[in-house]
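**Q** Counting in the working numbering, the sequence shown runs without a single skipped number right up to 274 at its last residue. Don't be surprised by glycine CBs; every beta carbon is placed ideally from N, CA and C.
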Amino acid sequence: MNKRLVLCALSAGLLLAGCQSVNTTSGGAVGVERKQYMFSMLSSDEVNQMYAQSYQKTVGEATNKGVLDKTSNDAKRIQVIADRLIAQAPIFRPDSAQWKWEVNLIKSDELNANCGPGGKIIFYTGLIDSLQLTDDEIAAIMGHEIAHALREHGREAMSKAYGIEMAKQGAGALLGLGQDSLALADTVANYGMTLPNSRANENEADLIGLELAARAGYNPNAAITLWNKMSKASEGSPPEFMSTHPASSSRIASLQAAIPKVMPLYENARKS
């Protein structure tokens with residue numbers, strides 16, 4: 003057999019041996035059921051700890067610069083919305099009730115928001131101000147971001163990166179080339195935390211986020227007005243949010259199709 007084919011076969015074996023099939027959340031009313039493949043040597047706790055360190059660094063820098071907003075009306079809005087959404091998260095993932103959730107608002111013109119592994123949420127005032135977001139629209143964004151964390155899309159991306167790099171490392175080791183483990187970790191962290199989400203992951207976050215918002219008593223139709231605003235904002239200089247959450251022509255159609263599934267949940271939440 004060709005040496006290259008032997009190396010590829012061995013590398014593929016390493017990759018398969020290091021992965022495990024999981025489903026990080028229940029399907030919910032929106033029916034997200036895709037099996038995910040995670041690198042077994044990269045645990046949820048490890049990823050959460052890695053991100054928590056990065057998050058605290060960001061919050062610390064914002065504090066030192068005097069741009070961490072804890073007192074404004076928008077800061078209070080963000081906290082209330084987050085609390086209502088977080089209360090619904092265990093429906094999809096029971097262990098999220100034990101996560102050390104945090105939410106912070108940073109004064110910045112940046113049009114961005116995210117929820118990292120383990121429930122670490124950051125919103126930027128530029129996103130709220132520039133798009134004149136309603137509470138329902140903020141809930142649509144935050145629900146979407148929380149869904150990424152619940153589904154562990156960051157860990158999934160890192161697992162793929164580990165698989166690729168380990169396959170290279172395995173082949174390299176056979177050729178006597180070797181590879182520095184710290185460089186490997188840096189590469190994986192870069193891939194996992196900075197690259198855009200796949201279309202499948204974005205769709206999952208849209209659907210679960212839609213249901214979270216509805217269960218928390220926020221109008222699911224706001225997801226449509228939100229993405230219309232996002233599309234308009236991206237016509238000029240695309241906001242930072244769009245670089246990791248690329249718009250697609252099918253996004254609004256998918257959300258519209260899912261709204262009837264979650265509207266009864268919204269109506270029930272409004273009655274209670």
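Below 8 angstroms between beta carbons: does that hold for Ile-123 and Gly-211?
**A** Position 121 of the sequence shown holds residue 123. Position 209 of the sequence shown holds residue 211. Between Ile-123 and Gly-211, the C-beta spacing is not below 8 angstroms.
**Q** Assign Met-40 to one of two classes, buried (16 or more other C-beta atoms within 10 Å of its C-beta) or exposed (fewer than that).
**A** Along the sequence shown, one-based indexing puts residue 40 at 38. Looking at its Cβ environment, which holds 16 or more other Cβ atoms inside 10 Å, Met-40 is buried.
**Q** Below 8 angstroms between beta carbons: does that hold for Leu-107 and Ala-77?
**A** Taking the first residue of the sequence shown as 1, we reach residue 107 at position 105. Taking the first residue of the sequence shown as 1, we reach residue 77 at position 75. Their beta carbons are under 8 angstroms apart, which means Leu-107 touches Ala-77 by this criterion.
**Q** So, at 7 angstroms on beta carbons, what are the nonlocal neighbours of Pro-92 in its own chain, with the 5 sequence-adjacent residues on each side left out?
**A** For the purposes of this step, residue 92 is identified with residue 90 of the sequence shown, where counting begins at 1. Excluding residues within five positions, the ones whose Cβ falls inside 7 angstroms are Ser-98 and Ala-99.
**Q** On the DSSP bridge list, what partners appear for Phe-41?
**A** Within the sequence shown, residue 41 is the residue found at index 39, counting from 1. Cys-21.
**Q** Hey, would you say Gly-145 sits closer than 8 angstroms to Leu-214, going by beta carbons?
**A** Indexing the sequence shown from 1 puts residue 145 at position 143. Indexing the sequence shown from 1 puts residue 214 at position 212. Cβ atoms of Gly-145 and Leu-214: closer than 8 angstroms.
**Q** Counting along the chain, where does the alpha helix (DSSP H) carrying Ala-115 start and finish?
**A** To locate residue 115, count along the sequence shown from 1; it is residue 113. Premise fails: Ala-115 lies in the beta strand (DSSP E), 115–118, not in any alpha helix (DSSP H).
**Q** Out of curiosity, what's the CA-to-CA distance linking Asn-114 and Arg-86?
**A** If you number the sequence shown from 1, residue 114 lands on position 112. If you number the sequence shown from 1, residue 86 lands on position 84. Taking the straight line joining both Cα atoms gives about 21 angstroms.
**Q** Check Leu-135 in the structure and name its three-state DSSP category.
**A** Taking the first residue of the sequence shown as 1, we reach residue 135 at position 133. Looking at Leu-135 - three-state DSSP - the assignment turns out to be coil, as it is neither helix nor strand.
**Q** What does the alpha-carbon distance come out to for the pair Lys-67 and Lys-109?
**A** Reading the sequence shown from its first residue, position 65 is the one you call residue 67. Reading the sequence shown from its first residue, position 107 is the one you call residue 109. Their backbone Cα atoms lie some 10 angstroms apart in a straight line.
**Q** Is Tyr-220 helix, strand or coil by DSSP?
**A** If you number the sequence shown from 1, residue 220 lands on position 218. Coil, per DSSP.
**Q** Out of Ser-161, Thr-227, Tyr-57 and Ile-254, which has the shortest C-alpha to C-alpha gap to Glu-204?
**A** Start at 1 with the first residue of the sequence shown, and residue 204 comes out as number 202. For the residues Ser-161, Thr-227, Tyr-57 and Ile-254, the minimum Cα distance to Glu-204 belongs to Ile-254.
**Q** Using the C-alpha atoms, what's the distance from Ile-226 back to Ala-271?
**A** Translated into the one-based positions of the sequence shown, residue 271 becomes position 269. Translated into the one-based positions of the sequence shown, residue 226 becomes position 224. Computed Cα separation, rounded: 20 angstroms.
**Q** Can you list, in chain order, the residues of its chain whose CB lies under 7 angstroms from that of Asp-111, leaving out five sequence neighbours each side?
**A** Mapped onto the sequence shown, residue 111 falls at position 109. Excluding positions up to five away in sequence, the list reads Gly-128.
**Q** Report the rounded CA-to-CA distance for Lys-72 versus Tyr-53, giving the unit in angstroms.
**A** The count along the sequence shown starts at 1 and reaches residue 72 at position 70. The count along the sequence shown starts at 1 and reaches residue 53 at position 51. Using only the alpha carbons, I get a separation of about 22 angstroms.
**Q** Ordered along the chain, which non-local residues of its own chain (more than five positions away) have a Cβ less than 8 angstroms from that of Leu-267?
**A** For the purposes of this step, residue 267 is taken as residue 265 along the sequence shown, with counting starting at 1. Correct list, in chain order: Ala-31, Glu-213, Ala-216 and Arg-217.
**Q** Along the chain, where does the beta strand (DSSP E) that runs through Val-105 open and close?
**A** Stepping through the sequence shown from its first residue, residue 105 is reached at position 103. Counting along the chain, the beta strand (DSSP E) containing Val-105 begins and ends at 104–108.
**Q** Can the beta-carbon of Tyr-57 be found closer than 8 angstroms to that of Gly-118?
**A** Translated into the one-based positions of the sequence shown, residue 57 becomes position 55. Translated into the one-based positions of the sequence shown, residue 118 becomes position 116. Yes; because the gap between Cβ atoms is below 8 angstroms, this pair is in contact.
**Q** DSSP three-state call for Asp-208: helix, strand or coil?
**A** Counted from its first residue, the sequence shown places residue 208 at position 206. Note: Asp-208 maps to helix in three-state DSSP.
**Q** Check each candidate in Asn-223, Trp-229, Lys-234 and Thr-27 and name the one with the smallest Cα separation from Ala-260.
**A** Translated into the one-based positions of the sequence shown, residue 260 becomes position 258. Nearest of Asn-223, Trp-229, Lys-234 and Thr-27 to Ala-260, Cα basis: Asn-223.
**Q** Taking the beta strand (DSSP E) that Lys-122 belongs to, which residues open and close that run?
**A** The sequence position of residue 122 within the sequence shown is 120, counting from 1. Per DSSP, Lys-122 is one residue of the beta strand (DSSP E) stretching across 122–126.
**Q** Roughly how many angstroms lie between the CA atoms of Glu-206 and Thr-65, to the nearest whole one?
**A** Numbered from its first residue, the sequence shown carries residue 206 at position 204. Numbered from its first residue, the sequence shown carries residue 65 at position 63. Cα to Cα, the separation comes out at about 33 angstroms.
**Q** Please return the same chain residues whose Cβ sits closer than 6 angstroms to the Cβ of Ile-130, not counting the five positions on each side in sequence.
**A** Locating residue 130 in the sequence shown gives position 128, counting from the first residue. The residues Asp-76, in chain order, have a CB closer than 6 angstroms to that of Ile-130 in the same chain once the five nearest residues on each side in sequence are set aside.
**Q** Please classify Glu-158 as buried or exposed, where buried requires at least 16 other C-beta atoms within 10 Å of its C-beta.
**A** The residue you call residue 158 lines up with position 156 of the sequence shown. By the 10 Å Cβ count, Glu-158 comes out buried.
**Q** Less than 8 angstroms between the C-beta atoms of Lys-37 and Ser-46, yes or no?
**A** Counting from 1 along the sequence shown, the entry for residue 37 is found at position 35. Counting from 1 along the sequence shown, the entry for residue 46 is found at position 44. It is not a contact, given that the beta carbons lie outside the stated cut-off.
**Q** Report the three-state DSSP secondary structure of Asp-71 (helix, strand or coil).
**A** Position 69 of the sequence shown, counted from the first residue, corresponds to residue 71. In the structure shown, Asp-71 sits in a strand (DSSP, three-state: E or B).
**Q** Where does the unbroken alpha helix (DSSP H) through Glu-48 begin, and where does it stop?
**A** On the sequence shown, position 46 is the one that residue 48 refers to. Per DSSP, Glu-48 belongs to the alpha helix (DSSP H) from 46–66.
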